[in-house]
Amino acid sequence: MKPDDIHRAIGILREETRAWRTPSVTVVAEASRSPFKVLISCIISLRTKDEVTTQSSARLFDRAPTPEAMEGLPAEEVARLIYPAGFYRTKAEQILEISRRLVAEYGGRVPDSLDELLAFRGVGRKTANLVLTLGFGKPGICVDTHVHRICNRWGYVATKNPDATEMALRALLPPEYWIEINDLLVAFGQNLCHPVSPRCSICRLSDLCSRVGVAQSR
DNA sequence: AAAACGGGGGC
DNA sequence: GCCCCAGTTTT
-17 MKPDDIHRAI
-7 GILREETRAW
3 RTPSVTVVAE
13 ASRSPFKVLI
23 SCIISLRTKD
33 EVTTQSSARL
43 FDRAPTPEAM
53 EGLPAEEVAR
63 LIYPAGFYRT
73 KAEQILEISR
83 RLVAEYGGRV
93 PDSLDELLAF
103 RGVGRKTANL
113 VLTLGFGKPG
123 ICVDTHVHRI
133 CNRWGYVATK
143 NPDATEMALR
153 ALLPPEYWIE
163 INDLLVAFGQ
173 NLCHPVSPRC
183 SICRLSDLCS
193 RVGVAQSR
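If you count the first sequence from 1, position 199 lands on 181 in my numbering, and the numbers rise without skipping.
Next comes the structure, spelled out in structure tokens:
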């Protein structure tokens, strides 16, 4: 995989995304420009489907849209509001601890540096980078399951470690592309390059893919 | 009854 | 780097 390839991929995805991207608003897009909502949505989204995350987040933010309001809620209520997302007890604790620390240590604002974000319990590189990109519009490479799967299929990395994928993409592309490539790859993964039964027959990037001819489906 | 949903943290 | 963990929803 070379820089030329990724630039061609970006060009094609820019065109293709109009064809198959679903109009549905993702939870992150909805929470866009509110670093706090991006952050908390990310906690809720762990191991749960996007739609459930969206609904649970909406219910929670309806009740507590800010760190100040959030830290005032009893843990049981937070747990109840996000119940369908699963792991509600752990998530409620993390949400409350983060909210408390935001108020106590940052005056109720979400910090905008990777290191400060990573210092919160429950916040890893994926969440921290998503807060930077979607919450603050700062460059970041956010490797979720979609991005990681696609980069493996394209031969960027041959690892189970998403951090390696993040570093590979950082090295391959200048920062001005980072937000866009993330958006394009996630949409590509959600709509076409699925975990199982990807829609290879309508994919224009199959020459980049190690999967071609192996288990083509549909 | 089993699979799908995806990331963080500990060792 | 590998392995373990948290629960609900869907099939």
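All C-beta atoms, glycine included, are put in the ideal place defined by N, C-alpha and C.
Taking the alpha-carbon positions, what's the residue i to residue j distance?
i, j, result
"glutamate -3", "arginine 71", "43 Å"
"valine 125", "glutamate 148", "6 Å"
"valine 136", "serine 16", "For clarity, residue 136 is tryptophan in the given sequence; the question names valine instead. About 33 Å."
"phenylalanine 170", "serine 179", "14 Å"
"valine 20", "valine 113", "6 Å"
"glycine -7", "glutamate 58", "48 Å"
"leucine 166", "serine 23", "20 Å"
"leucine 190", "serine 27", "30 Å"
"tyrosine 159", "histidine -11", "10 Å"
"glutamine 198", "proline 177", "Residue placement at glutamine 198 is poorly supported in this model, since its pLDDT is 43, which falls under 50; the coordinates are not used for a value here."
"aspartate 44", "threonine 36", "12 Å"
"tyrosine 88", "alanine -9", "40 Å"
"arginine 193", "leucine 55", "48 Å"
"phenylalanine 102", "valine 168", "25 Å"
"lysine -16", "tyrosine 138", "9 Å"
"proline 121", "proline 144", "18 Å"
"proline 206", "threonine 30", "Outside the modelled stretch of the chain, which goes from -17 to 200, sits residue 206, for which no answer is possible."
"alanine 1", "arginine 82", "43 Å"
"leucine 116", "serine 183", "32 Å"
"isoleucine 77", "threonine 141", "31 Å"
"serine 39", "proline 156", "33 Å"
"leucine 42", "phenylalanine 118", "22 Å"
"glycine 90", "aspartate -13", "43 Å"
"arginine 62", "alanine 51", "16 Å"
"glutamate 79", "glutamate 53", "8 Å"
With DSSP as the reference, label residue i as helix, strand or coil.
i, result
"leucine 154", "helix"
"histidine 176", "coil"
"tryptophan 160", "helix"
"asparagine 143", "coil"
"serine 199", "Bear in mind that the predicted position of serine 199 carries a pLDDT of just 40, short of 50, making it too unreliable to give a figure here."
"lysine -16", "coil"
"arginine 193", "coil"
"glycine -7", "helix"
"cysteine 185", "coil"
"aspartate 97", "helix"
"alanine 110", "helix"
"proline 66", "helix"
"tyrosine 88", "helix"
"lysine 73", "helix"
"alanine 1", "helix"
"serine 39", "helix"
"phenylalanine 102", "coil"
"alanine 46", "coil"
"aspartate 203", "Given that the chain is displayed from residue -17 to residue 200, the structure contains no residue 203 and the question cannot be resolved."
"threonine 30", "coil"
"glycine 171", "helix"
Write down the C-beta distance between residue i and residue j rounded to the nearest angstrom, noting that I regard them as a contact closer than 8 Å.
i, j, result
"leucine 174", "isoleucine 163", "Rounded, the Cβ-Cβ distance is 16 Å, inconsistent with contact."
"alanine 74", "valine 85", "Going by Cβ atoms, the distance from alanine 74 to valine 85 rounds to 17 Å, so no, they are not a contact pair."
With three or more beta-carbon pairs closer than 8 Å as the criterion, would you say the region 60 to 71 touches the region 86 to 104?
no
Margin query: Three Cβ pairs or more, each shorter than 8 Å: is that satisfied between the region 126 to 135 and the region 78 to 97?
Written below: no
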